[in-house]
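Asks:
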Amino acid sequence: MADNQQRVALEKVRQLYLYYRYSMPVNVAIALTWGAVLYGYVPDQQLLAWNSLVIGVVAARMLHSRRRTLQGFTLPARRLEWEFSIGSALMGSLWGAASWQFLPALPGFYQAFLVITAYGLVSGGFVSMITSRLSFNLFAWTTILPPLAVLAGGNLEMQLPAFGLVLFAGFFIFSTYPRMARHVEMGIRSNIKNELLVEDLRCANEKITAMSLQDALTGISNRRALDQHLDEHWRLAARHKDHIGLIMIDVDKFKDYNDELGHLAGDECLQIVAQAIASFSRRPADMAARYGGEEFVLLLPDTEQSGAELLAEEVRAHIEQLALSHPTVAGGVVTVSCGVAVTEVSSDISYDVLIKAADNALYSAKNKGRNRVELAPELIKSGE
Numbered sequence: 001m002a003d004n005q006q007r008v009a010l011e012k013v014r015q016l017y018l019y020y021r022y023s024m025p026v027n028v029a030i031a032l033t034w035g036a037v038l039y040g041y042v043p044d045q046q047l048l049a050w051n052s053l054v055i056g057v058v059a060a061r062m063l064h065s066r067r068r069t070l071q072g073f074t075l076p077a078r079r080l081e082w083e084f085s086i087g088s089a090l091m092g093s094l095w096g097a098a099s100w101q102f103l104p105a106l107p108g109f110y111q112a113f114l115v116i117t118a119y120g121l122v123s124g125g126f127v128s129m130i131t132s133r134l135s136f137n138l139f140a141w142t143t144i145l146p147p148l149a150v151l152a153g154g155n156l157e158m159q160l161p162a163f164g165l166v167l168f169a170g171f172f173i174f175s176t177y178p179r180m181a182r183h184v185e186m187g188i189r190s191n192i193k194n195e196l197l198v199e200d201l202r203c204a205n206e207k208i209t210a211m212s213l214q215d216a217l218t219g220i221s222n223r224r225a226l227d228q229h230l231d232e233h234w235r236l237a238a239r240h241k242d243h244i245g246l247i248m249i250d251v252d253k254f255k256d257y258n259d260e261l262g263h264l265a266g267d268e269c270l271q272i273v274a275q276a277i278a279s280f281s282r283r284p285a286d287m288a289a290r291y292g293g294e295e296f297v298l299l300l301p302d303t304e305q306s307g308a309e310l311l312a313e314e315v316r317a318h319i320e321q322l323a324l325s326h327p328t329v330a331g332g333v334v335t336v337s338c339g340v341a342v343t344e345v346s347s348d349i350s351y352d353v354l355i356k357a358a359d360n361a362l363y364s365a366k367n368k369g370r371n372r373v374e375l376a377p378e379l380i381k382s383g384e
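Each residue of the sequence shown is one higher than the last, beginning at 1 in UniProt numbering.
1) Check whether the Cβ atoms of T218 and R290 lie closer than 8 Å to each other.
2) Roughly how far, in whole angstroms, is the beta-carbon of I30 from the beta-carbon of T117, given that I think they are within contact range, below 8 Å?
3) I'd like to know if the region 13-21 and the region 190-204 are in contact, where contact means that at least 3 CB-CB pairs between them fall below 8 Å.
4) Using 8 Å as the threshold, is the region 299-309 in touch with the region 282-289, meaning 3 or more CB pairs across them?
5) With a cut-off of 8 Å on the beta carbons, I'd call S337 and R370 a contact; round off their distance for me.
6) Using a 10 Å radius around the Cβ and a threshold of 16 neighbouring Cβ atoms, would you call Y20 buried or exposed?
7) In whole angstroms, what is the alpha-carbon distance linking V115 and K193?
8) Are D256 and T328 touching if we call contact CB-CB under 8 Å?
9) Which class does N371 belong to by DSSP, given the choice of helix, strand or coil?
10) For E374 versus A357, is the C-beta distance shorter than 8 Å?
11) Would you check if the distance between the CB atom of G339 and the CB atom of A365 is smaller than 8 Å?
12) Measure the alpha-carbon distance for H229 versus A341 and round it to whole angstroms.
13) Tell me, please, which residues DSSP counts as bridged to R290.
14) Do A31 and the ligand PLP come close, with the Cβ less than 7 Å from some heavy atom?
15) From which residue to which residue does the beta strand (DSSP E) around V336 run?
16) Note down the Cα distance separating E295 from L236, rounded to an integer number of angstroms.
17) Give me the Cα-Cα distance between L324 and S281, rounded to the nearest whole angstrom.
18) At what residues does the alpha helix (DSSP H) containing G125 begin and finish?
19) For the candidate residues V353, F139, E314, T343, whose alpha-carbon lies nearest to that of D242?
20) From the DSSP output, in three-state form, read off Y39 for me.
21) Taking the runs of the alpha helix (DSSP H) that are 4 residues or longer, which of them lie wholly in the region 177-215?
22) Looking only at C-alpha atoms, which of A89, D44, L121 sits nearest to V28?
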């Protein structure tokens, strides 16, 4: 819950900085318009100084907004809001100071124009600062109170309209703005909730996908994962004429093991053998997988024939050295037979040829007494 609150606060600040970027040029345009209206009624130096201040503050706020955006809003949301609010108060003070200083020198029509545009600025701030009540209040009141005070301090005819405008501004700021801000915040919360749901769904799909590619008993890759991995690396190797090696591994006399010790012991044996084989999958592209029953595969992309044969012998010796008790084989320990095949990959052959060659080599190893490594008669070549 606390994390969600932080995400909502940060998203409100992010939108605050994002939307205000579009209103900054409007501030400059209105400042230039005021300059044209005030020209001739206000000393040139004062007018130039005020326009320069407005443009300078707008430029500084744009740079600050860009910096915070590039930083990814890593600071606490409350601090970012206060930084923005200080800029809003400064901007509103410039508009209010101009009204206070320059409005009395203008004819009635131009006075009305400045008051209307001041309210226009506040209306624009309503949209751009809808996610920060602090920023909006600082900007709104510093913008509109000075011109209304000037009008109320003038002749009696202007006091009633000024009072009406104050009531309108109060209703607008204290009634309409909070309701709209709540609706916006509800939208932000809803969006974040949807994002979290999508993220949960994505994670669930990833877990399901991972489970579908994992053998439930041994925890290593299953045949489906092997097919996908082999297909991917087969196409990659075909482009570069690389070699792929494959070791087919079978637990010797595993049916006898199950019959003598039971299926639970057999499952435990397969788990230990699978993890032992997986420990020889040392490179990122290598893969150890359960092929079916007591058969396993060790896939070795970019591996020459001699390297694959040497690794198969290491696997065989390692499993024998585990000394898992087997009641029906010579030596009394669990052993494996390995068939090794290697091919130079090309688009002329499919990986089924490689699997068949390794399987035939495995069959030969078992016929020759088991607990041994047999190599496919020769390097499989294109077209064979």
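Note that the Cβ used here is the ideal one computed from N, Cα and C, for glycine as well.
Replies: The answer reads as follows:
1) In the sequence shown, residue 218 corresponds to position 218, counting from 1. In the sequence shown, residue 290 corresponds to position 290, counting from 1. A contact, by the Cβ cut-off of 8 Å.
2) Mapped onto the sequence shown, residue 30 falls at position 30. Mapped onto the sequence shown, residue 117 falls at position 117. Indeed, because the Cβ distance is near 6 Å, the residues count as touching under 8 Å.
3) no
4) yes
5) The residue given as residue 337 occupies position 337 in the sequence shown. The residue given as residue 370 occupies position 370 in the sequence shown. Right, their Cβ atoms sit about 5 Å apart.
6) Translated into the one-based positions of the sequence shown, residue 20 becomes position 20. By the neighbour-count rule (16 or more Cβ atoms within 10 Å), Y20 is buried.
7) Within the sequence shown, numbered from 1, the residue matching residue 115 stands at position 115. Within the sequence shown, numbered from 1, the residue matching residue 193 stands at position 193. The alpha-carbon atoms of V115 and K193 are separated by roughly 42 Å.
8) For the purposes of this step, residue 256 is identified with residue 256 of the sequence shown, where counting begins at 1. For the purposes of this step, residue 328 is identified with residue 328 of the sequence shown, where counting begins at 1. Cβ distance < 8 Å, so D256 and T328 count as in contact.
9) The sequence position of residue 371 within the sequence shown is 371, counting from 1. N371: coil per DSSP, three-state reduction.
10) The residue labelled residue 374 in the question sits at position 374 within the sequence shown. The residue labelled residue 357 in the question sits at position 357 within the sequence shown. No, Cβ-Cβ distance for E374 and A357 is not below 8 Å.
11) On the sequence shown, residue 339 is found 339 positions in, with the first residue counted as 1. On the sequence shown, residue 365 is found 365 positions in, with the first residue counted as 1. Contact: yes.
12) Position 229 of the sequence shown, counting from 1, holds the residue named residue 229. Position 341 of the sequence shown, counting from 1, holds the residue named residue 341. Roughly 17 Å separates the two Cα atoms.
13) On the sequence shown, position 290 is the one that residue 290 refers to. Looking at the DSSP assignment, R290 forms a beta bridge with F296.
14) In terms of ligand content, the structure shown is empty, and the ligand PLP therefore cannot be addressed.
15) Here residue 336 is taken as the residue at index 336 of the sequence shown, counted from 1. Unbroken beta strand (DSSP E) run through V336: 336-344.
16) Residue numbering aside, residue 295 sits at position 295 when the sequence shown is read from its first letter. Residue numbering aside, residue 236 sits at position 236 when the sequence shown is read from its first letter. The straight-line gap from Cα to Cα measures roughly 26 Å.
17) Here residue 324 is taken as the residue at index 324 of the sequence shown, counted from 1. Here residue 281 is taken as the residue at index 281 of the sequence shown, counted from 1. Their backbone Cα atoms lie some 21 Å apart in a straight line.
18) Residue numbering aside, residue 125 sits at position 125 when the sequence shown is read from its first letter. Note, G125: alpha helix (DSSP H), 108-128.
19) Here residue 242 corresponds to residue number 242 of the sequence shown, with the count starting at 1. If we check each option's Cα against that of D242, T343 comes out closest.
20) Mapped onto the sequence shown, residue 39 falls at position 39. Note: Y39 maps to strand in three-state DSSP.
21) 177-212
22) Along the sequence shown, read from residue 1 onward, the residue named residue 28 stands at position 28. Ranking A89, D44, L121 by Cα distance to V28 puts L121 first.
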